[in-house]
Structures are given as C-alpha cells and as structure tokens.
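Participant: The numbering of the sequence shown is my numbering, which starts it at 6 and goes up by one. In this text, a Cβ means the ideal position worked out from N, Cα and C, and glycines have one as well. None of these values were measured; they are calculated from a predicted model. Mind having a look at this structure? Questions to follow.
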Amino acid sequence: MSPITVRIKKLRDDAVVPRYMTDLAAGMDLFAALDSPVRLAQGQRLLIPTGLALAIPVGFEGQVRPRSGLALKKGIALVNSPGTIDADYRGELGIILINHGQDEVTLSPGDRIAQLVIAPVQQAVMEVVQDLDVTERNTGGFGHTGTGPEV
C-alpha cells in the first residue's frame with residue numbers, strides 16, 4: 006500500500022512535524038507547542054496546542070490517540086479518545102489531555118503528547134426501518150457476556 010500525502014502547515018516556527026518513531030508504527034507522535042512548561046494537576050484537563058494545521062485528503066480522517074507510555078507512567082489520557090480530525094478541518098490541532106495520575110505532571114515545549122493515525126473513512130447512509138434482524142446477541146449489552154472464561 007502506498008502512503009497518502011497529508012499537507013501540513015506550521016502555525017509557529019518551533020512546531021514539530023509529526024513523525025513515526027519506528028518503521029512499522031501505525032501512529033505518528035504529536036508534540037506540544039508551548040511557550041513555556043505547563044502543569045497539569047491531578048484531575049485537571051487542558052488543551053495543549055501542537056502549532057500545526059492539517060489538510061487530510063478526502064476519504065481519510067486523523068485519529069488522535071493517547072500515548073501508552075504517558076498513560077502507564079503518569080496517568081495522562083485524552084478526554085475524547087480517539088479524537089477525530091475531519092478532512093475539511095483546517096484549524097490548529099489541539100490535544101485535550103487529562104491527568105488521571107496521582108501526581109502533578111509538567112509538560113514542556115516539544116514533549117510528545119499523543120499519536121496521530123491517518124485512517125480511511127466510509128460514510129454511511131441511514132435507512133429507517135420498522136424491524137431489525139435478530140442476532141444471537143440481540144439486545145444484550147454492557148457486560149452481558151460476563152467477566153472471564155466459564156469453568
């Protein structure tokens with residue numbers, strides 16, 4: 006599969022262009038574009054700018070996802086995960102972080118704060134019907150299959 010091209014505009018000189026950190030990575034790291042360090046208290050959420058605007062091709066979206074290392078080591082997550090960047094959005098990409106950890110976290114300019122995955126999009130046509138087909142699961146939801154293997 007050949008790569009697609011995502012056009013990117015740096016909104017500030019020190020903005021870091023997203024990049025894959027390994028050859029087989031699905032997500033590109035996104036970096037904080039801050040003038041100075043910011044503190045994220047326990048339970049606090051904050052919009053962190055990236056200093057970037059994107060032009061994602063029609064038929065694709067950007068999915069913003071948390072970084073597993075930040076989640077494990079510091080309790081940092083994304084409030085709306087995954088966040089969606091639509092192909093027609095041209096504003097600055099901002100990342101809404103939340104501190105679920107037990108300690109205050111300091112974020113510095115250039116820190117890696119999230120990942121960006123470019124994925125195909127298929128829009129759906131909604132059809133109103135009187136009845137839906139019956140399945141084995143049917144209306145079973147939230148935890149209906151149990152918590153582990155049955156013995």
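Checking 8 Å against the spacing of the C-beta atoms, do alanine 20 and glycine 56 come in under that value?
Facilitator: It is a contact, given that the beta carbons lie within the stated cut-off.
Participant: To the nearest angstrom, report how far apart alanine 119 and glutamine 135 are at their CA atoms.
Facilitator: One C-alpha to the other measures close to 43 Å.
Participant: When the Cα of valine 43 is compared with those of Lys78, Leu112, Gly64 and Val139, which residue comes out closest?
Facilitator: Comparing Cα positions, the closest option is Leu112.
Participant: Which whole-angstrom value is the C-beta distance of isoleucine 81 and leucine 102, which I expect to be below 8 Å?
Facilitator: Correct: roughly 6 Å between the Cβ atoms.
Participant: Thinking C-beta only, is aspartate 40 closer than 8 Å to arginine 24?
Facilitator: Against a cut-off of 8 Å, the Cβ pair of aspartate 40 and arginine 24 comes out as no contact.
Participant: State the Cα-Cα distance for the pair threonine 89 and valine 69, rounded to the nearest angstrom.
Facilitator: Distance between the alpha carbons of threonine 89 and valine 69: 6 Å.
Participant: Exposed or buried, proline 71, counting other C-beta atoms within 10 Å across all chains shown (16 or more means buried)?
Facilitator: Burial call: buried.
Participant: Ends of the alpha helix (DSSP H) at glycine 74?
Facilitator: Looking at the DSSP string, the run of the alpha helix (DSSP H) that includes glycine 74 is 73-79.
Participant: Where does the unbroken beta strand (DSSP E) through arginine 44 begin, and where does it stop?
Facilitator: Start and end: 43-45.
Participant: Is it the case that the Cβ atoms of isoleucine 9 and isoleucine 100 are separated by a distance below 8 Å?
Facilitator: Going by C-beta atoms, isoleucine 9 is not nearer than 8 Å to isoleucine 100.
Participant: Quick one, which of Ala58, Leu59 and Gly64 has its alpha-carbon nearest alanine 129's?
Facilitator: Nearest option by C-alpha distance: Gly64.
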